Amino acid sequence: MNSTLRLQKTFYILYFIISILTFVFALSFMTDFQELYGFQLPKNQGIIEYYSNQLQPFNRTILNFSLALVVGLVFMLVFEVLKKVTNFTGLCFGSALSIYTIINCVLFIFRLNTLKANATKVDLSNGYLEDLPSDFVMLTRTFDIGFILYLVVIVISIAFIILLFINFFLYLKKNQGVKVYFIELKKRLRGVFKHEN
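Counting in our numbering, the sequence shown runs from 30 upward without gaps.
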């Protein structure tokens, strides 16, 4: 169990580091596209639509996600995830956070592929009318970086949730036993609901 507990600590630290990287990625996401900001002419409607209706909303979404992930992981410290096996509440919270992370990252990967495909379709031929440099090229490296980043986040999230479960059930098996724990938990929950009624 000591080895799996050490792995839990290691993956929590990796999880936290990668959450910071998702925040940095969200902050820098628009860097390669800043030349497309402020276009207004109808001839550049394709650029306006791509920047305002596709890139910016996605950027806001990944920024909000990264903030929620960082806050969620900081909150995980309440359950002393770096020191010991989490309790049942910590297990539930960690599981919910990891599931939330995995679902969002899968969606982000699909969205990044769509944004990358759409980038090649944007008509830049009239960009010069609004001072777009003639040598401007729509770079897609940001999408590739995001794809790799969110793939790594998914792997770490899955590993973390598995380790939480392994350590939780190993702890129960070693101490009071899984069956006894859940019988006691059921009794406590019944007592809470009876008290409320």
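Glycine included, C-beta positions come from ideal geometry on N, C-alpha and C. None of the values given here were measured: they were computed from a predicted structure.
Considering only the beta carbon of each residue, do residue i and residue j sit closer than 8 Å?
| i | j | result |
| --- | --- | --- |
| residue 153 | residue 61 | no |
| residue 101 | residue 126 | yes |
| residue 76 | residue 185 | no |
| residue 94 | residue 175 | no |
| residue 193 | residue 70 | no |
| residue 87 | residue 144 | yes |
| residue 33 | residue 201 | no |
| residue 122 | residue 108 | yes |
| residue 183 | residue 131 | yes |
| residue 84 | residue 52 | no |
| residue 161 | residue 78 | no |
| residue 124 | residue 191 | no |
With respect to the alpha helix (DSSP H) encompassing residue i, which residues constitute its N-terminal and C-terminal limits?
| i | result |
| --- | --- |
| residue 59 | Neither: residue 59 is in no alpha helix (DSSP H) and is coded neither H nor E. |
| residue 78 | 74 to 78 |
| residue 98 | 85 to 105 |
| residue 118 | 117 to 148 |
| residue 204 | Segment: none, residue 204 is in no alpha helix (DSSP H) and carries neither H nor E. |
Taking only the alpha-carbon atoms, compute the straight-line gap between residue i and residue j and give it to the nearest angstrom.
| i | j | result |
| --- | --- | --- |
| residue 204 | residue 37 | 19 Å |
| residue 99 | residue 166 | 34 Å |
| residue 111 | residue 74 | 51 Å |
| residue 150 | residue 173 | 17 Å |
| residue 233 | residue 148 | The first residue shown for the chain is 30 and the last is 226, placing residue 233 beyond what the model contains. |
| residue 119 | residue 188 | 16 Å |
| residue 42 | residue 170 | 27 Å |
| residue 164 | residue 105 | 48 Å |
| residue 50 | residue 89 | 16 Å |
| residue 44 | residue 113 | 17 Å |
| residue 195 | residue 39 | 15 Å |
Going by beta carbon distance, what residues of the same chain come within less than 7 Å of residue i, once the five residues before and after it are set aside?
| i | result |
| --- | --- |
| residue 146 | none |
| residue 66 | 80 |
| residue 59 | 84, 88 |
With a 10 Å radius around its C-beta and 16 neighbouring C-beta atoms as the bar for buried, classify residue i as buried or exposed.
| i | result |
| --- | --- |
| residue 141 | buried |
| residue 197 | buried |
| residue 237 | The structure shown has nothing for residue 237, since the chain only spans 30 to 226. |
| residue 128 | exposed |
| residue 133 | buried |
Which residues in the same chain as residue i place their Cβ atom closer than 6 Å to its Cβ, once the five residues preceding and following it in sequence are excluded?
| i | result |
| --- | --- |
| residue 178 | 54 |
Excluding the 5 residues preceding and the 5 following residue i in the sequence, name in chain order all residues of the same chain whose CB lies nearer than 8 Å to its CB.
| i | result |
| --- | --- |
| residue 72 | 155, 158 |
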